[in-house]
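UniProt numbering puts the first residue of the sequence shown at 1, with every later residue one more than the last. C-beta: ideal position from N, C-alpha, C; glycine also. Reading through the structure tokens given below for one structure.
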Amino acid sequence: MRAEPHPTRKGLWRIVGRLDDQIILSAGEKMCPVMIESILRGHPMVKDSLMFGRGHFQNGILVAPEDECKFDRQDKEKLNAFGDAIWPTVEQMNAYAPRHSRLSKEVDPKRPFQFNAKGFPRRVPVLAEYDADVEALYDEVEGTSVPDSNVPEDWTLESAFDFVKQLVHGTMRIKVTAEQNFFLYGCDSLQATWIRSALMKALHAAKVLPPDIELPGNIVYDYPTLNALARCVMTVASAKSGLIIKAVNEPDLLAYVERYVGGFLMEAESQYTSTGLLSNGTANPVQDVVLLTGSTGSLGTGLLAQLVATDAVAKIYAFNRPSSSSKKTVDRQRELLKLRGYDEGIATSSKVVYVDATITVDDIATGDKTVEDEIRSSITHIIHNAWRVDWKMSLNTFQDYIENVVGLAKLALSSPHHKAPKPLFASSIGVLRSQSCVDHRSGTVLEQPITDPEIALGQGYSESKWAAESISYAIQERTRLRPVSGSVNGAWNQSDWIPAIVKTSLTLGCFPVLKGVCSWLGVQEMAGALVDARDSQYATLHLLHHRPMPWAVLAQVCADEFGVALVPYAEWFAKLKTAMEEELDATRRKALPAGMLLEFLGANLQKQDVEGEETFGMGNISVDKMMEVSQTLREAKSLGPQDVRQWLSFWKSTGFL
């Protein structure tokens, strides 16, 4: 057996594994993988993991997904989604591991781990089974590294650009141009980490970055093009201190919007009268023809179902980005409808036309001009729902998504109809990050434009939504959405923060009590309200429940269901924090998913918990205009104990609870 001094109990030792578990790298570095593996096993989507690296320059790890999370390895979309989902835990793992450890491949479901009688994976047989995959991975990784001879001797903007270009192209295995966004051409969180690590190694080797200084973890997200990253590297090399100027500030955000708005605003003013009617336009169709983006997403699936069921809608163009998956979009749509409790036959409705296309800053690109002309001449409405949710990405990384808004605006303006199609942009209440957006007279956040970018600053996602809102005001409407709860069958993504609190409370034996309310809407109600709002005359609408459910309802149902105590939020958080400070085995860590949200949950301690106001400090948000235009919202029933039980039932059925 192998032992080491206990990290928190002086004078005591702990057993950390067998001697033959020890990994010795080619440079002589040693490590015992058992504790590192246990951290990743704590993720709810990970069944098990095994580290490797003996005789190589750095470690890697095989990851076996839980049974309900398995997927076809050839489906790059699902592979990337799985990697992104577990990446925060990988970063936590890296905090304990030496820098020569990294995430590698997922496990082939056709070659599952072999386990011993105690339920632990048999290390030697499993690694032997994956030996060819491991060696292929090292060949790939070694191909991405930059030899020391290629590190510039003199750091100029030109030499920095050449160095960054070689590094990025080698890592991504494709060539991007100087201004193309890495993340829109396949760069994932792992590759971003590799690029950052290689940059840091080169800057340390060149002695232009002090050895005790690290580059920011989000550097590749903040500077996601060759030109931007090269300029950033030059800033570091020139300062010799690791100082990096923030990528986006308020004046930049305003200029960012103006860069896009000016041109097509003048185009709109030249073609349309003050009433928004094209002076030489043709008559609009009697029935609605809707272009819907992101139909395979959670809300997008609900929107597609609602549009198919709406008699006034004759046709739906379901726009989705081209996927690397071998499955046709209609087949993926059918699977997702079934998963979320809808009739899978909706996918093959005669109303639906699937279009795998990109949307550029100038137009739509389907590869077929006839199809493009047909769409342009027939659509009466645009519902733009496709948007990547990634809290690490900077505003610049969302550039293509923002340009999608511009492209759809131009598509609307190019319509031959007397009345141009009105794009309905699904924004987020995340743009309301600051309390300064509250109207002092009413005490609520009104349904009106937010002109001050400072309100949204601090997170690339919210900044991008604010920019898109500002651009879309040129041709009207956007709707700020509250996060959705369960689908028609109670399906609620178990990686969201509410499911994490529920599962963690079950483990802690207590559930937090808050005075506030929850204005969540189900997918079906949110989709229905958006369809209702497609002809609204208002520029801004808020979509959240007008009869919110008290947090106490959620708390009481969970307390009754699991037999746990109700305690003040501060006490619950203190218990969670104490639990996370203890030495946790894999089972215990998996049972405390809210432990990954300590910063977010801790911030709530600083906010006022006011009876009748939104929980977690969101304040009161007006829905008066949305209530006026949406019958679905007006008739939406309040969430109650039966909804909570349905969510719990779904989470139990997936093995989450």
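### Beta-carbon proximity check, Tyr-342 vs Thr-301, cutoff 9 Å
yes
### Query
Can you name, in chain order, every residue of its own chain whose Cβ lies under 6 Å from the Cβ of Arg-589, other than the five neighbours on each side?
Non-local beta-carbon contacts of Arg-589 in its own chain, meaning distances under 6 Å to residues more than five positions away in sequence, involve Gly-42 in chain order.
### Message
Using the Cβ count rule (16 or more neighbours within 10 Å means buried), how would you classify Gly-509?
### Response
exposed
### Where Asn-385 sits in the DSSP three-state scheme
coil
#### Entry: As assigned by DSSP and simplified to three states, the class of residue 664
Residue 664 falls outside the range modelled here, since the chain spans only 1 to 657, and no answer is possible.
### Query
Which residues share a DSSP beta bridge with Pro-512?
In DSSP, Pro-512 forms a bridge with Val-567.
### Message
Going by DSSP in three states, Pro-211 sits in which element: helix, strand or coil?
### Response
coil
### Task
Could you tell me which residues DSSP pairs with Ala-365 in its beta bridges?
Paired residue(s): Thr-358.
### Query
Taking the alpha-carbon positions, what's the Ala-160 to Ala-192 distance?
17 Å
### Query
Using the rule of at least 16 other Cβ atoms within 10 Å of the residue's Cβ for burial, across every protein chain shown, is Leu-598 buried or exposed?
Exposed is the call here.
### Cβ shell of Ala-202 (< 6 Å), same chain only, five flanking positions each side left out
Val-151
### Residue range of the unbroken alpha helix (DSSP H) whose run includes Ser-470
460 to 472
### Query
Quick one: what's got a C-beta closer than 8 Å to residue 732's C-beta in the same chain, skipping five residues either side?
The first residue shown for the chain is 1 and the last is 657, placing residue 732 beyond what the model contains.
### Task
Kindly indicate which residue of Gln-448, Arg-321, Lys-70 has the alpha-carbon position closest to the one of Arg-388.
Arg-321
### Range covered by the alpha helix (DSSP H) that runs through Ser-653
641 to 653
### Query
Taking Cβ positions, are Asn-385 and Pro-224 nearer each other than 9 Å?
No, these two residues do not count as a Cβ contact at 9 Å.
#### Entry: Supposed close pair Tyr-538, Val-629 - CB separation, criterion 8 Å
7 Å
### Query
For His-417, which of helix, strand or coil comes out of DSSP?
strand
### Query
So, helix, strand or coil for Met-627, using DSSP?
helix
### Message
Any contact between the region 543 to 555 and the region 512 to 526? By contact I mean 3 or more CB pairs, one from each, below 8 Å.
### Response
yes
### Task
Compare the C-alpha of Thr-615 against each of Phe-183, Asp-72, Ala-555 and name the closest.
Ala-555
### Message
Ala-318 and Val-355 - do their beta-carbons sit closer together than 9 Å?
### Response
yes
#### Entry: C-alpha distance - Pro-512 paired with Tyr-569, whole-angstrom precision
5 Å
### Message
Tell me which residues share the same chain as Ile-501 and place their Cβ nearer than 6 Å to its Cβ, disregarding the 5 neighbours each side in the sequence.
### Response
Ala-594
### Three-state secondary structure assigned by DSSP to Asp-48
strand
### Task
Assign Gly-60 to one of three DSSP states: helix, strand, or coil.
strand
### Query
Measuring CB to CB, does Phe-398 end up less than 9 Å from Gly-490?
no
### Identified DSSP bridge partners for Arg-480
Ser-427, His-542
### Query
Taking the alpha-carbon positions, what's the Ala-27 to Phe-52 distance?
Caution is warranted here: a pLDDT of 48 is assigned to Ala-27, below 50, making its placement in the model unreliable, and no coordinate value can be reported.
### Message
Looking at Pro-421: is its Cβ nearer than 9 Å to the Cβ of Thr-380?
### Response
Yes. Within cutoff.
### Per DSSP, cross-strand counterpart(s) of Asn-320
Asp-356
### Message
Given this structure, state the Cα-to-Cα distance separating Ser-472 from Leu-253, to the nearest angstrom.
### Response
CA-CA distance, Ser-472 to Leu-253, rounds to 15 Å.
### Query
So, is Arg-18 buried or exposed, given that buried needs 16 or more other C-beta atoms within 10 angstroms?
Bear in mind that a pLDDT of 49 at Arg-18, under 50, signals an unreliable position, so the model cannot answer this.
### Message
Suppose you measure from the CA of Pro-548 to the CA of Gly-612; what does that come to, to the nearest Å?
### Response
9 Å
### Query
Leaving out the 5 sequence neighbours to the left and right, which residues in its chain are closer than 7 Å to Val-233 when beta-carbon positions are compared?
Ala-160, Val-164, Leu-199
### Task
Could you tell me the boundaries of the beta strand (DSSP E) in which Asp-288 lies?
288 to 293
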